[in-house]
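Below is one structure, written out as structure tokens; comments come after it.
Residue numbers (the numbering used here): 350 to 465.
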């Protein structure tokens, strides 16, 4: 059942994103921002962690989990280090993902010929 719920929850997140692109004039970048902010808001309200516990990778892999990670790290560090912890917490939790995105984007730009 774990795989089933992961598939259903992850699929619903993707369906929401696809519907936003198909039924509105939003660009993929706008939809990505909406999903990240939605994950951040859900974590701020304490609703995203139970979703991860329920759906596992279905909730922790999509882009909404990036918003969850930002808020989760900021809140955890803010408790221990105050206001400065908000900034350091954001980067502490997400630095590996951000670094990987920069490195792999650079490598793709070097290896492949850009169009346009």
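Think of the CB as a built atom: it goes at the ideal place given N, C-alpha and C, for glycine as much as any other residue.
Extent of the continuous alpha helix (DSSP H) to which residue i belongs
i, result
"residue 428", "413-430"
Where residue i sits in the DSSP three-state scheme
i, result
"residue 355", "helix"
"residue 381", "helix"
"residue 442", "helix"
"residue 434", "helix"
"residue 475", "Lying before the first or after the last residue shown, residue 475 is absent from the chain, which here runs from 350 to 465."
"residue 394", "coil"
"residue 350", "coil"
"residue 410", "coil"
"residue 496", "For the chain, the structure presents residues 350 to 465; residue 496 sits outside this window and is missing."
"residue 369", "helix"
Cβ shell of residue i (< 7 Å), same chain only, five flanking positions each side left out
i, result
"residue 381", "412"
Spatial neighbours of residue i in its chain, beta-carbon cut-off 6 Å, leaving aside the 5 residues before and after
i, result
"residue 420", "389, 392 and 393"
* Asked: Would the segment 426-439 and the segment 404-416 be scored as touching if the rule is three or more Cβ pairs under 8 Å?
  -> The segment 426-439 makes no contact with the segment 404-416, as fewer than three CB pairs between them are under 8 Å.
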